[in-house]
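The structure appears below as structure tokens.
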Amino acid sequence: MLTLTSRSPSPSFCDGISRRSFLRMGGLGLGGLTFSQLLRAEAQNGTLRSNKALILVYLPGGPPHQDMFDIKTDAPSEIRGEFSEIATNVPGNRICELLPRMAKMADKLVFVRSVVGAKDRHESFQCVTGRLNENLPPGGWPEIGSVISKLQGSTGAAVPPYVNLSQRMYHMPYNQGRSSFLGVGHSPFMPLGNVKDDMTLNGITLERLEDRRALLTAFDKFRRDADASGVMAGLDEFETQAFDILTSSRLLKALDVSSEPDKVRARYGKGTDKIQGDAAPRLNEQFLLARRLVEAGVRVVTLSYSFWDWHSGNFKNARQNLPDFDEALTALVEDLHDRGMENDVTVLAWGEFGRSPRINPGGGREHWPNVSCALMAGGGMHTGQAIGATDRLGGEAVDRPVHFQEIFATLYHNLGINPNTTTVRDLNGRPHYLVDGAHQPMKELIS
Amino acid sequence: MKPCLLLTVFLACPVQAQLTLHLHTGAPADKPAALHGKDATIQLVATASSPDKPACDATRTVTWKVEPPTVLAVSSTGVATPLADGTATITATTEGATATATVNVSGAGAWRAANFTHDIVPVLTKYGCNGGGCHGKSEGQNGFRLSLLGFEPGEDYEHLVNESRGRRLFPAAPENSLLLLKATGEMPHGGGARMERGTPDYLALVRWMEQGAPAGNPGDPRPVNITVLPAERLLLPESTQQLQVTAHYSDGSWRDITSAVQYESGAREMAEVSSSGLVRTAKLTGDAAVMVRFQEFVGVFRAIIPLGAPLAEFPPERNFIDKHVFAKLRTLGLPPSGVCDDATFLRRVTLDITGSLPPAAEAEAFLAETNPDKRPALVDRLLAGTGYAEYFAGKWAALLRNKRGNSPPHATYAFHAWLRDSLHRNKPYDHFVREILSASGSISSNPPAAWYRAVTKQQDQLQDAAQVFCGQRLQCAQCHHHPYEKWSQQDYYGFAAFFSTIGRKPADEPGEEAVFHQWREASANNPKTQKQVKPTPLGGAVLDLKPQDDPRRALASWLTTPDNPFFARVLVNRYWKHFLGRALVEPEDDLRVTNPATNPALLDGLALFFAENKFDLKALIRSICTSSTYQLSSLPNEHNAADRQNYSRFFPRRLPAEVLLDAVDTVTGVPTKFPGQPAGARAVALPDDSFNAGSYFLTVFGRPDNSSACECERSGESSLAQSLHLLNAKGVQEKLTSGEGRAAALAKEERPAEERLRRLFLAVHSRPPAAEEAKKAVDYLTAREGKPAAWEDIVWALMNSKEFLFNH
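Protein chains in written order, with the working numbering: chain A, 223 to 669; chain B, -7 to 800.
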């Protein structure tokens, strides 16, 4: 029995379906056919759902905060660096001269200059899990995409809730897609790998696939409670998702940028597909892909952009990387605004730590976990701000230090989750809060 | 869960008349306890027990009486503090039972002379000042550097007292010194307020400064070890246990340090521990270990938290393994599942020993066999075959880093072949390890020398050797004392010295390198002390070797002595994990004091068995596979579904990558071609990792790259990509539709569909189909006139079912 009441005015969640009508559908199996039939029907009806989503840009290696959003004009020359400030369209807000496009739309951005709490470890762990890589509960801390996948599930029949666009990076800890206590069912889908070939039907028709599926259901009767580790349940979930990908090409279409108008593609710029350092390429197109995926219903998209661990040639590298970054990020934010998605989609760009004030003899900066920076946009936040300040040398946060968990609390808040009341259970059934209680969503940003 | 009869009886600490009470003071058995100095304390622990109930903690429920009360006082939490010199008797009373202890108090009028190393540094450790996240970092924090966890007190004294003209201390007014103002948060401190004013530890720091911040006399007694009381205890869920920790000194004295040590729970979801040593258990059942750390000494408390469910009949005890496992299950009140059926056992043991599915003919024969000893006979047959040797050679190749890299193929192939032959001929494990560690020459002349091809740096050699053969992860100790173990840098470099004489030169065979022992004294440089360290076995005495002695042989000799505490234990732990899914110590190569086994008696029993049987690997496997424990069903009863630690049932696990690939090949009837390998070569027999890059199947299902000595490198996770691949990969589809494949052959056969189906199920699941399954399949086939496509679909469906994908 299926009652589609998505147009009813009753109080509903972001996907536009009231929970009462949800229940009338005859129960929800995890990604069961009834739900996906519903959503397919909805898509055919043309009802546009606006999901809360997150695009997280990871800058592997730790970008130099004092050469991006926090130029230290008062510092001695061996600390200040080669770049000057330029004004932005927010009075009082000044950023690096190599980021002119961001300067022109600073009213849509938030520069957090005083991110603290980081560890001196080259890994994406803290940037995507909101936790330090220590005292891990059994299974390990989950990435924010996995948490959202667990708490909110998929929005559509054929899109996974968490997609990671990174290619496999040479330095293993940069990679995302870690296993965690949420189980394998919530790992990210990583379509820039070999899986692309498996995503279209190979040698059989859709009808035959459905026949096979029915047969599988008949044969697959092994008791699931025999497995306490969650692997079997995870496999079941993935199987369902896989079927959904094979029977509808929504995900594939989202990953194909050739259907975008040339003007839009050009706005994002190019970058380079050459892998930088031991990290990622500088592919501006990935920002466009992220937007398309979010439009298709993916909740969390993460991508890794270039390589920022410049122990030498800091300024030369900045001149190569910052303009591309400037182009890609502003195109994304502009695009979101143009499409009316700016209140639903949060954008965050950051690395695992900042860089040292003192410039070393090689013209580079060392690791500096004491303070780093973050760039945020969208999410219905109060943009047009620069939050926090560092000291004269750009070494310590002196005003409004922002712990990275506060940023995560803000992200969860923007995604519609209350970090003070929501918990996820680890492999032993013990509930965990998403961030430590002391850290709240940043009051400056949320209403 | 139904309320359990046994559990309700356990609900409170025993209250019957037969109750006996013991009072622990930490003093050695025949001596009275001693409180020396005004700041001394003793954490008393009262234990109540009765004949039919286990011992439980009564420290907070007894009433304390001191006679005479002027000598010392005891708080409600059982902490005794001195008041005046003399001797007193403490009496603890509860429910009619009493226990007494005598305590001598001396020097109560004065504070003990503080010794920086033994009194002040532990305070810094306890409050986290010198942890790896703060001042204990190699670069310190904000200009103040301490050694990690206080392992270098001499340096700490320098930094704290003398550095920067002594600005951190203010002896004239200690409470205004930078050290204390920051520690209490009265001055802005990045680490926040760590301690409170007026607490005993705060006052200890004050007094130390008042005494002139002494370093202490070099002749002061040093701690030589610590003891934790109780060492282990059965603790009900949601109950508490007070710990007591005593330090023993070089002059024979001892002191209670319960409040001075660091506590850390190894399983916080099962038990938490406070900074005063009170352990509190949660609701979960199983084993929880609490680590206790005092300077370089570590101790452990094991909490065993029972479930208390009613115990029905146990399966028969077939050997010592069952004895130990079932004893633990009885202690926990965790009833095991029953023994599995023949089809399950056949498939399970064939997969675990050979990495292959049993052929349909064998399944047919095994199920029909009436001999009551057929299961042990099957185990013997499997161990005698080459499948076992190939499968386990792959396991050891991963551990021993048989990674192709830039080497020519014969380097890794020769090593793999040697591994395989050694296993097939059942070479005793001690010979096996000795041949690897002391290998000299080129790979062509002496294949085990290939280990040195892969592991070239001294630090990798010693770390791998320690991890693989001793189950000790020494890595941390390279730069400082190991934070969780007793290994110091001296131990690390003493072990490194075993690998300090390795030379390499061109071998007689063209293009090859020979490893050899250089004739010189073996020693390694300890960068901390800048002194050379001679080869020292872990926890043993320094060896005096002559230049012509190959220290690697000496290492192998030490490893393979029957009473070596590491060698046998780590091996049996690994093999236990291979067959039962979870090691007795997890991770399987991290056998720390602070990481105890969930069933120490079983681990010891297995190690003893192994050593007594001259390190016979096949005998070990045989005893595991013929035990009832291994043969338990994976289907849970109403109590043991959540068990993942105690082997009350078999824990299903997904087939590893190469086993799964072989299984798919077997079921579809089309083997995968691996470049350079003979036709029909199994994936589990692949000699090295070079085939991973060319096989998306192996990569996506997580076959390791042989890059590390940890078996955890193998990714056992599932993913959407894997599901997509199994459901839809072109390669898999080609196997299904191949004219040479099983589906095509089945379609051609003349026999009735039911018979063909039976054969298919025996090949895939090692069991005949259930009536329902047969009917569905026959209907499906009839509707499609038995065409090959229909058979393909059936094979596809069977291949994607969980029963196929898992070893259960």
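Every residue, glycine too, gets a C-beta built ideally from N, C-alpha and C.
Asked                                                                                                                         : Found
Alpha-carbon to alpha-carbon, residue 291 of chain B and residue 285 of chain B                                               : 6 Å
Residue span of the beta strand (DSSP E) that contains residue 356 of chain B, given as start and end                         : Looking at the DSSP string, residue 356 of chain B is not in any beta strand (DSSP E); the run it does join, the alpha helix (DSSP H), is 352 to 360.
Residue 93 of chain B beta carbon less than 8 Å from that of residue 17 of chain B                                            : yes
Segment contact, 8 Å Cβ cut-off, at least three pairs: the region 737 to 754 of chain B with the region 459 to 478 of chain A : no
Straight-line gap, residue 303 of chain B to residue 634 of chain A (C-alpha atoms, nearest Å)                                : 46 Å
Chain-ordered residues of the region 366 to 393 of chain A with a beta carbon less than 9 Å from chain B                      : 382
Test item: CB-CB of residue 661 of chain B and residue 737 of chain B under 8 Å                                               : yes
Neighbouring residues, chain B, relative to residue 417 of chain A (Cβ below 7 Å)                                             : 713 and 716
Cβ neighbour criterion (16 or more within 10 Å) applied to residue 554 of chain A                                             : buried
Residue 329 of chain A beta carbon less than 8 Å from that of residue 595 of chain A                                          : no
Neighbour list for residue 788 of chain B in chain A, Cβ cutoff strictly below 7 Å                                            : 434
CB contact check: residue 797 of chain B to chain A, cutoff 8 Å                                                               : yes
Under 7 Å by beta carbon: chain B residues contacting residue 448 of chain A                                                  : 626, 627, 628, 644 and 800
Test: residue 721 of chain B CB closer than 8 Å to a CB of chain A                                                            : yes
Between the CA atoms of residue 567 of chain B and residue 527 of chain B - distance to the nearest angstrom                  : 29 Å
Contact with chain A by residue 117 of chain B, beta-carbon distance below 8 Å                                                : no
Three-state class that DSSP yields for residue 87 of chain B in the structure shown                                           : coil
Against chain B: residues of the region 295 to 318 of chain A by CB proximity under 8 Å                                       : none
Cβ distance (whole Å) where residue 454 of chain B is taken to contact residue 487 of chain B below 8 Å                       : 5 Å
Chain B within 8 Å of residue 670 of chain A, Cβ atoms only                                                                   : As shown, chain A starts at 223 and ends at 669. That puts residue 670 of chain A outside it, with no answer to give.
Proximity of residue 152 of chain B and residue 117 of chain B at Cβ, strictly below 8 Å                                      : no
Endpoints, the alpha helix (DSSP H) within which residue 454 of chain A is located                                            : 453 to 469
Residues bridged to residue 577 of chain A (per DSSP)                                                                         : A/589
Residue 650 of chain B burial status per 10 Å Cβ neighbour count (16 or more: buried)                                         : buried
Inside the region 66 to 123 of chain B only - alpha helix (DSSP H) runs reaching at least 4 residues                          : 113 to 118
Exposed unless 16 or more other CB atoms sit within 10 angstroms - verdict on residue 641 of chain A                          : buried
Cβ of residue 628 of chain A within 8 Å of any chain B Cβ                                                                     : no
Residue 479 of chain B and residue 440 of chain B closer than 8 Å at C-beta                                                   : no
Rounded straight-line distance, which links the Cα of residue 437 of chain A to that of residue 763 of chain B                : 15 Å
CB contact check: residue 794 of chain B to chain A, cutoff 8 Å                                                               : yes
8 Å Cβ cutoff, residue 453 of chain A in contact with chain B                                                                 : yes
Straight-line Cα distance separating residue 295 of chain B from residue 601 of chain A                                       : 47 Å
Within-8 Å CB hit, residue 429 of chain A to chain B                                                                          : no
Three-state secondary structure (DSSP) of residue 629 of chain A                                                              : helix
Test: residue 658 of chain A CB closer than 8 Å to a CB of chain B                                                            : no
Length of the line joining the Cα atoms of residue 785 of chain B and residue 435 of chain A                                  : 9 Å
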